[in-house]
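*Asks:* If you use UniProt numbering, the sequence shown closes out at 106, no skipped numbers anywhere.
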Amino acid sequence: MTKIRDDFNGITILRTDGGLDVILRAGDTVPDGLSVGEHLIAKQAVETSPAAPTVPPKAGPGSSAKAWREYGVRETSARGMNIDIPEDASKADIIDALESAGIPTE
1 MTKIRDDFNG ITILRTDGGL DVILRAGDTV PDGLSVGEHL IAKQAVETSP AAPTVPPKAG
61 PGSSAKAWRE YGVRETSARG MNIDIPEDAS KADIIDALES AGIPTE
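1. Using a threshold of 8 Å, state whether the C-beta atoms of ALA67 and ALA89 are closer than that.
2. Would you list the one or two residues that DSSP bridges to ARG79?
3. Per DSSP, what kind of secondary structure is LYS58 in: helix, strand or coil?
4. Assuming the contact rule is C-beta atoms closer than 8 Å, ILE103 and THR76 should be a hit. Round their C-beta distance to whole Å, please.
5. Can you have a look at ILE4 and say buried or exposed, based on whether 16 or more other CB atoms are within 10 angstroms of its CB?
6. Using only alpha-carbon positions, find the residue among GLU70, LEU40, ASP6 that is nearest to residue 189.
7. Quickly, what does DSSP pair LYS3 with across the bridge? List them, please.
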């Protein structure tokens, strides 16, 4: 099932083999037998509706500085940011740096 991407601003008009016009807007499903340009097609649901980032716990299992560093690298990269997190940074230092950058820590 092909859908028009949700951020599409406007309409596209397709003509069926029978000469009928079909108007499609953001989020509409493209009828079977018709096609649109790749620039209008929504990416897979996993890509267009990302899950909320999994924030490591601040205490207990999975709360290591390594886990926080990996989370920080992943989240800053996803936002097009580049925050230098030294290898010897403590968990508290990493959390402080992420909070300063507006990255969720809870």
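Just so it is clear, CB atoms sit at the ideal spot from N, CA and C, and this is done for glycine as well. It should be emphasised that the depicted structure is a prediction, and the values quoted were computed from it without experimental measurement.
*Replies:* On the basis of the coordinates in this document:
1. No, Cβ-Cβ distance for ALA67 and ALA89 is not below 8 Å.
2. In the DSSP output, where bridge partners are listed per residue, ARG79 has none listed.
3. Three-state result, LYS58: coil.
4. The C-beta distance from ILE103 to THR76 rounds to 7 Å, short enough to fall under 8 Å.
5. By the neighbour-count rule (16 or more Cβ atoms within 10 Å), ILE4 is buried.
6. The structure shown has nothing for residue 189, since the chain only spans 1 to 106.
7. Answer by DSSP bridge pairing, in chain order: THR29.
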